[in-house]
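The structure under discussion appears below in the form of structure tokens.
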Amino acid sequence: METTLTIHTLLPVRPEILYRIWMSSRMHSDFTGSPAVIDERVGGAFSAWNGYITGKNLALEPGFRILQSWRTTDFPADAPDSELELLMEAYTGGTVFTLVHRYLPPDQVEDYRLGWEEEYLQPLKDYLENLMDGEDMHY
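The sequence shown runs 1 to 139 under the working numbering.
This is the structure we're talking about:
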């Protein structure tokens, strides 16, 4: 059974800005509408959605890649952490953003796909629209 999901989307900001928004506790909280605490160092811990999501930063390449161990309180107690990889590639007009979520509990993959789209990607797009209102952040 498939335990990996991949989502691609285009976002209208430079990769460096997108990276900063994702890794900033304040901005992450702002775009999701829920508290996030993020230690921006490799090995640093993070939590989001009032502790529903927790993990550690495994690799950080500012403006290019974020790799994290990741789990929620919905994971079975004996399940290993999943792995979240966020890839940012510049293109004319913004960033190709790829989210790869590996090693999910098999019966939860589609729930997390929906969660990423509804609780993260759409709010992020809305946040970026508001952030860019009247500003050119592409270049």
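Note that beta-carbon positions come from the ideal geometry of N, C-alpha and C, so glycine has one too.
Taking 8 Å as the cut-off, the Cβ atoms of Y127 and F31 count as close. When secondary structure is reduced to three states using DSSP, N57 falls in the strand class. Along the stretch 30 to 95, the alpha helix (DSSP H) does not occur as any fully enclosed run of 4 or more residues. In this structure, DSSP gives V109 a helical state, which the three-state scheme calls helix. Listed in chain order, the non-local C-beta contacts of K56 below 6 Å within the same chain comprise A45 and S69, local neighbours out to five positions each way being set aside. With fewer than three CB-CB distances shorter than 8 Å, the stretch 79 to 86 does not count as touching the stretch 27 to 42. Counted as a single uninterrupted DSSP element, the alpha helix (DSSP H) harbouring L18 occupies residues P15 to M23.
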